[in-house]
Each structure stands twice: as C-alpha cells, then as structure tokens.
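*Asks:* Taking the numbering used here, the leading residue of the sequence shown gets 1, the next gets one more, and so forth. C-beta: ideal position from N, C-alpha, C; glycine also. Fair warning: this is a prediction, and the values are worked out from it, not measured in the lab.
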Amino acid sequence: MSVQETIDASANLYRLVGWPLLKACWLSATLMYLGYEFLLSAALPRIAKTAYPGNLAAQVMEVTVLLMIISCVIIPLILFGASWVTAVSAQVAASVIQGNTFHIGHATATANRNIFRLFGLTAAQSFARFGAVAFSGLLIFGGGFLAKSVPDNAGGDFLSGLALVAGFAGIAVGLILSLVFTIQYSLAVPAMLVEGIGVRAALKRSVSLLKRRKGVPDGSTAAFNGLVLTVFLFLLLIAGISTIYSYVNSRAIYAVINQFPLGGYLPAFLERLPVFLALWVIVPFGACLNTMFYFERRVRLEGFDIEQIGLQTRRKALAIRYDL
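Rendered as structure tokens:
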C-alpha cells in the first residue's frame, strides 16, 4: 500500500475501534494528562523560582527535591499512562488487521501482562527522544544558576555564558535527534506485542523494518508523514475544542455556575479540557497508525501473509477452547 492508502486504512480502522478504545483508555489518558499538566504548570516553572534567595545550600536542596519528584513521580506517571494506552490500542489494531474479532478485555489483559516491558520500552523511547533536550535544559538552568551564585571575579560570567551557549546548541541538536528517534522507534510497540520480543529487540526491530531494502523504499518517509498527520490532528483538535469553548465562555454562565458547590473550579477545568480531549483521542489513533505501518512494512519486506497469520491465530484459539 502507498502512504495515503495506509493512512486511509488506519482512519477506517480507528473509526471501527475508536469508541471502545476511548472507553477503555480514559483513566490512563487522565493519568498521562495529569502528569503533563503538573510537569508543565507546576514543576518546571518552580525550578526558576526559589523561596530562599540568599541561601545557596537551601536553593540546591530545593532544586534537588524538585528534580527527584519529577523523575520519580511525574515522569513515571506520564510513561505509565502513555505505555498502557499505546499497548491497548496497538493490540486491538493488530487483532483487526489480522482478521480477528477484537476484544477490549483481551487487549487490556495483554497490556497488563506486559506493562513492565511496555513501561521500559516507553522509557527508552522517551530517553532517546528527549534526553538531549532535557540535558541541554539543565545546562541552561545551570548557567543561570552560576550567573547568580558565582561572583564575576571568580569566572561566574564566563562559566554561565559557556553553559548557556552549550545549552541552546544542545537543544537545537536535541530537537533534531528527537525527531529522528521518534521516527526510527515508531514501530517498536507493535513489534513487541505481535512478536513477543523484549525492549532492546523491539527497538532494533523497528529500525530494521524502516530500512531501505532492494526493491523496497525506505519506510522513514511514511513514518514521518504519519507523525506529521498525528501532530496536525492533535493541534487541530485542540483548536476546534478551544473555539467551541470560546463560545460558551460567558461571565453570565459562570456567575450562575459559581453559585453551586465547587462551581468556581469549572473555568480552570474547561481551560484544560481541550488538551486532555486531544490526548485522549489522538494517542490511540497514533498507535493504530503505527501498527498499520508495522504490518505494511512486514508485508513489503518479508512477504508477511496477514490472512494466514490470522487463520493460524483463530485455529489456536479454537484448539484452546476445545482442550478446555
């Protein structure tokens, strides 16, 4: 199939399985969104502020505790939600593509059974994507910290300037590497679930499936087009929901709502609703799209017979039921 045909097939697939997926993934999507919201709205802005402006040791301790909270609580929350949603979506998509009747309960059981491997895979993907950017951000923060804490006559300006230059250069390089790794590792989750392989093998398998072979074009372009489409739909959905929200954003409505218990929290909730809905809808679609690309590459490179594999799967299921 061409890239356009693969995308159309993925859209039809998501139209078939979308609502059951959304019902199954709402809790994990909520956890993922809460992690993002806390990271972007509370944790990262807090790094640039301090409650102890004249105490260097207290500032270091404050930043250390905040980084520990980010690395031990917030990031695992995001990774857990993302890995579970992606796994359930990829499992359902793989079942439909192979000609089987999808079952949400089976997909969630598979995700629960492989959650630690999926968590490790998502963590490895995220580290490859954002490791350089995060390290560069720490360099920029360190440069600002040096500028405030080290006297000028002790080389504070030089050290802070060097850290800032290295940080901004690292962010530019890190963004490019993030795009490359996102594309190269896009097929790792379906490879892990369909083939039953480990984290490192799934990453290598994804890279291998996207390589150019004799008579078969490179798959990175198709994966890049899928990534662009997913990001575009994500932004379009946020813009659409925000536009609808702007029509109901009325002081008169809020004046009535504020009279009810907890009504004062509604404006803040509605302001964050577009991003949550976009994450909830688009992450499963991206997983279905990558699963479709995975099978398309296997058909091109290996002569993978989807109908035969689906027939074997159904025969195994019948044999298991007969034995029981």
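1) Assuming the contact rule is C-beta atoms closer than 8 Å, Phe-293 and Thr-230 should be a hit. Round their C-beta distance to whole Å, please.
2) How would you label Leu-279, buried or exposed, when you count the other beta carbons within 10 angstroms and need 16 or more for buried?
3) CB-CB under 7 Å to Val-3, same chain, minus the five flanking residues each way: which ones, in chain order?
4) In the DSSP assignment, the alpha helix (DSSP H) including Asn-55 goes from what residue to what residue?
5) Work out the CA separation of Leu-44 and Gly-155 for me, nearest whole Å.
6) Quick one: give me the first and last residue of the alpha helix (DSSP H) that His-103 is part of.
7) Per the DSSP calculation, Val-216 is bridged to which residue(s)?
8) For Leu-187, which of helix, strand or coil comes out of DSSP?
9) Within a Cβ cutoff of 6 Å, which residues of the same chain sit near Val-283, ignoring the five residues on either side of it in sequence?
10) How long is the line joining the alpha carbons of Arg-15 and Phe-276, rounded to whole angstroms?
11) Return the CA-CA distance between Val-189 and Arg-297, expressed in angstroms with no decimal places.
12) Thinking just about the alpha-carbon of each residue, which of Ser-186, Gly-215, Ala-128 and Leu-193 is nearest to the one in Leu-177?
13) Taking C-beta to C-beta, are Ala-24 and Val-96 nearer than 7 Å?
14) With burial defined as no fewer than 16 other Cβ atoms inside 10 Å of the residue's Cβ, what is the status of Arg-272: buried or exposed?
15) If you compare alpha carbons, which of Gln-91, Ala-111 and Ala-42 is closest to Phe-102?
16) Kindly list the residues whose CB is nearer than 6 Å to the CB of Ile-70, restricted to its own chain and excluding five residues on each side of it in sequence; keep chain order.
17) Among the residues of its own chain, which have a CB less than 7 Å from the CB of Ile-238, if the five just before and after it don't count?
18) Going by the CB atoms, is the gap between Gly-35 and Leu-330 shorter than 7 Å?
19) Closest to Thr-182 by CA distance: which of Glu-195, Val-216, Leu-235 and Leu-121 is it?
20) Does the separation of the CB atoms of Arg-212 and Leu-301 fall below 7 Å?
21) Tell me which residues share the same chain as Ser-186 and place their Cβ nearer than 6 Å to its Cβ, disregarding the 5 neighbours each side in the sequence.
22) Please report the residue range of the alpha helix (DSSP H) in which Asn-12 lies.
23) Tell me which residue opens and which closes the alpha helix (DSSP H) that Gly-196 is part of.
24) Looking at Leu-79: is its Cβ nearer than 7 Å to the Cβ of Ala-124?
*Replies:* For this structure:
1) So it is not a contact: roughly 11 Å between Cβ atoms.
2) buried
3) Ala-222 and Asn-225
4) Asn-55 -> no alpha helix (DSSP H), and no H or E assigned at all.
5) Legend: pLDDT at Gly-155 = 48, less than 50; position of this residue unreliable, value from coordinates given subsequently. Between Gly-155 and Leu-44, the C-alpha separation is close to 28 Å.
6) Annotation for His-103: no alpha helix (DSSP H) segment contains it, and DSSP assigns it neither H nor E.
7) Arg-213
8) Three-state result, Leu-187: coil.
9) Val-85
10) 20 Å
11) 14 Å
12) Ala-128
13) no
14) exposed
15) Gln-91
16) Within its own chain, the residues whose Cβ lies closer than 6 Å to the Cβ of Ile-70, once the five positions on either side in sequence are excluded, are Ala-43, listed in chain order.
17) Within the same chain, Ile-238 has close Cβ partners Pro-274, Val-275 and Ala-278.
18) No statement about residue 330 is possible, as the shown extent of the chain runs from 1 to 324 and does not include it.
19) Leu-121
20) no
21) Ala-223 and Asn-290
22) 3–38
23) From DSSP, Gly-196 is part of no alpha helix (DSSP H); its letter is neither H nor E.
24) No, the Cβ-Cβ distance between Leu-79 and Ala-124 is not below 7 Å.
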